[in-house]
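Trainee: UniProt numbering numbers the first residue of the sequence shown as 1 and each following residue consecutively.
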Amino acid sequence: MLIHEFRILLPISVEEYKVAQLYAVAEASKGETGGGEGVEVLANEPYKNGDEEGQFTHKIYHTQSKVPGWIRALAPKGALEIHEKAWNAYPYCRTVLTNEYMGDQFTIEIITSHRPDFGNHENVHGLEEAQWQSCKVVEIDIASDLGEPKDYKEDEDPSKFKSLRTGRGPLSIGWQRALVTDGTPHMCCYKLVKAEFKWRMFQGKVESAIQKMEKRLFTNFHRKLFCTMDSWYGMTMDDIRKMEEETKKELDEMRNIGEAKVGPGNPGGPPSPTNPVEPGGPGLPRRPTEPVRPFGPGRATVR
1 MLIHEFRILL PISVEEYKVA QLYAVAEASK GETGGGEGVE VLANEPYKNG
51 DEEGQFTHKI YHTQSKVPGW IRALAPKGAL EIHEKAWNAY PYCRTVLTNE
101 YMGDQFTIEI ITSHRPDFGN HENVHGLEEA QWQSCKVVEI DIASDLGEPK
151 DYKEDEDPSK FKSLRTGRGP LSIGWQRALV TDGTPHMCCY KLVKAEFKWR
201 MFQGKVESAI QKMEKRLFTN FHRKLFCTMD SWYGMTMDDI RKMEEETKKE
251 LDEMRNIGEA KVGPGNPGGP PSPTNPVEPG GPGLPRRPTE PVRPFGPGRA
301 TVR
């Protein structure tokens, strides 16, 4: 098992991010669905487990065209479907990704803690000392980091975007230091990703590839989230739930018409919340995993 903790500092409050994240995931899902592929929402409902309560989601990512052709030819039915179960007890979340064909040989778990700080707290997930010592901490700067050069989009560049509704941005060099003194809302996403792939001949290579792709996903996702601020700012959770219901209906229709989307989700394109497979890679599921806090059916984590 390979464990990384990704820290993503944002000029957004914890309260704002709750809405922003769900909005961005819904929009990304629509952009990746069509032609029999994309996101299928099986469940999106409240859950309660003792004193913990939140929203449970179960999704299937249909990824047929997002893996190399030779894998499609060899893979049995169901092997190219990724199941995502998430327990979102915001500000803590846990997400688990699995593949029914591989069973317990493959798991990605992501545990996220959203905190109103500057990303300067250690071991927020409470790992045991030995695990924490083996955990690699990776800081992501949404203004200057880029998943890969081909991922760049000018309208998703925080160093150029300025919100008309909030006045935030553009994020210039040293923007993190300015947060400390200028009173701008701020928070940090601490994402603990546990990647486990038990096929010994490929374990190290695949687990490293998963962590690399998770960083790329988190980077691109949060760059876009910031640059769509004027779309989600001011929305309420009621607005979001209505949007999610409408999105589910749209996704069900879109999966059954047209062609598989050619774009970020397909081989060679950047990863996205609806593309959990490494483009052009080994055709193995990629997605965040985190340990910590005893969430309901397994502490929930959402992007």
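Glycine included, each C-beta is placed from N, C-alpha and C at the ideal position.
What you are looking at is a predicted structure, and each value in this text was computed from that prediction instead of being measured.
(1) In this structure, does DSSP put Q203 in helix, strand or coil?
(2) What is the rounded straight-line gap between the Cα of G198 and the Cα of S134?
(3) In or out: Q55 buried (at least 16 other Cβ within 10 Å) or exposed?
(4) What does a CB cutoff of less than 7 Å around K85 pick up in its chain, not counting 5 residues either side in sequence?
(5) Assuming K136 is part of the beta strand (DSSP E), what are its boundary residues?
(6) Report the rounded CA-to-CA distance for G269 versus M237, giving the unit in angstroms.
(7) Kindly identify the DSSP beta-bridge partner or partners of H4.
(8) Classify Q211 as buried or exposed, calling it buried when 16 or more other Cβ atoms lie within 10 Å of its own Cβ.
(9) Name the residue from Y17, N44, V14, R7 whose alpha carbon lies nearest to the alpha carbon of K248.
(10) Span of the alpha helix (DSSP H) holding T247?
(11) For the alpha helix (DSSP H) holding G21, just list the boundary residues, first then last.
(12) Determine the burial state of M201: buried for a count of at least 16 other Cβ atoms within 10 Å of its Cβ, exposed for fewer.
(13) Secondary structure at G38, three-state DSSP: helix, strand or coil?
(14) Answer yes or no: the CB of Y61 versus the heavy atoms of the ligand MN, is any distance below 7 Å?
(15) Spatial neighbours of P11 within its chain, please: C-beta separation below 8 Å, excluding the five flanking residues on both sides.
(16) Quick check on the burial criterion: 16 or more other C-beta atoms within 10 angstroms. Buried or exposed for I8?
(17) Could you work out which residue in R223, E27, L80, L146 is closest to N99 when comparing CA atoms only?
(18) The alpha helix (DSSP H) spanning R177 covers which residue range?
(19) For P291, which residues in the same chain have their Cβ closer than 8 Å to its Cβ, ignoring the five residues on either side in sequence?
(20) Does the beta-carbon of residue 306 have 16 or more other beta-carbons within 10 angstroms, so that it is buried, or is it exposed?
(21) Which one or two residues does DSSP pair with R94 in a beta bridge?
(22) Rounded to whole angstroms, what's the CA-CA distance from S13 to E154? Just pull it up for me.
(23) Hey, could you find the ends of the alpha helix (DSSP H) M229 is sitting in?
(24) Do Y23 and M235 have their C-beta atoms within less than 8 Å of each other?
(25) Following the continuous beta strand (DSSP E) through T57, name the residue where it begins and the one where it ends.
(26) Helix, strand or coil for E81, going by three-state DSSP, please let me know.
(27) Take G119 and list the residues in its own chain whose beta-carbon comes closer than 6 Å to its own, dropping the five residues that flank it on each side.
(28) Count the other CB atoms within 10 Å of the CB of I257; is the residue buried (16 or more) or exposed (fewer)?
(29) Out of curiosity, what's the CA-to-CA distance linking Q21 and K205?
(30) Which same chain residues, not among the five before or five after P116, have their C-beta less than 6 Å away from its C-beta?
(31) Straight-line CA distance for V25 to T181?
Mentor: By the coordinates alone:
(1) Q203: helix per DSSP, three-state reduction.
(2) It is worth fixing the name first, because residue 198 is Lys in this sequence and not Gly. Just so you know, the alpha carbons of K198 and S134 end up roughly 18 Å apart.
(3) Residue burial is scored here from C-beta neighbours: Q55 has at least 16 other C-beta atoms within 10 angstroms and is therefore classed as buried.
(4) Same-chain partners within the cutoff: H58, V96.
(5) 136 to 140 is the extent of the beta strand (DSSP E) around K136.
(6) Model confidence at G269 stands at a pLDDT of 37, short of 50, so the residue's coordinates are unreliable and nothing is read from them.
(7) Note: H4 sits in a beta bridge opposite K136, V193.
(8) Here Q211 is buried, its C-beta having at least 16 other C-beta atoms within 10 Å.
(9) Closest by alpha carbon: N44.
(10) Here the alpha helix (DSSP H) through T247 covers 237 to 255.
(11) According to the sequence as given, residue 21 is Gln; it is not Gly. Residues 14 to 31.
(12) By the 10 Å Cβ count, M201 comes out exposed.
(13) Collapsing the DSSP output to three states places G38 in a strand.
(14) Looking for the ligand MN in the displayed structure turns up nothing, as the structure carries no ligands at all.
(15) So the qualifying residues of the chain are R168, G169, L171, W175, L179, T184, P185, H186, F226.
(16) I8 should be labelled buried.
(17) The candidate whose alpha carbon is nearest that of N99 is L80.
(18) Residues 175 to 182.
(19) Its pLDDT being 34, under 50, P291 is placed unreliably in this model, and the coordinates cannot settle the point.
(20) No information on residue 306 is available, as it lies outside the stretch 1 to 303 that the chain covers here.
(21) In the DSSP output, where bridge partners are listed per residue, R94 has W87, I111.
(22) In this structure, the alpha-carbon of S13 lies about 24 Å from that of E154.
(23) M229 -> alpha helix (DSSP H) spans 229 to 232.
(24) Going by C-beta atoms, Y23 is nearer than 8 Å to M235.
(25) That run of the beta strand (DSSP E) goes 52 to 62.
(26) Looking at E81 - three-state DSSP - the assignment turns out to be strand.
(27) Within the same chain, G119 has close Cβ partners R7, L9, C188.
(28) By the neighbour-count criterion, in which 16 or more other beta carbons inside 10 Å mark a residue as buried, I257 falls on the exposed side.
(29) Roughly 30 Å separates the two Cα atoms.
(30) Within the same chain, P116 has close Cβ partners V14, M187.
(31) Looking at the two C-alpha atoms, the distance is approximately 31 Å.
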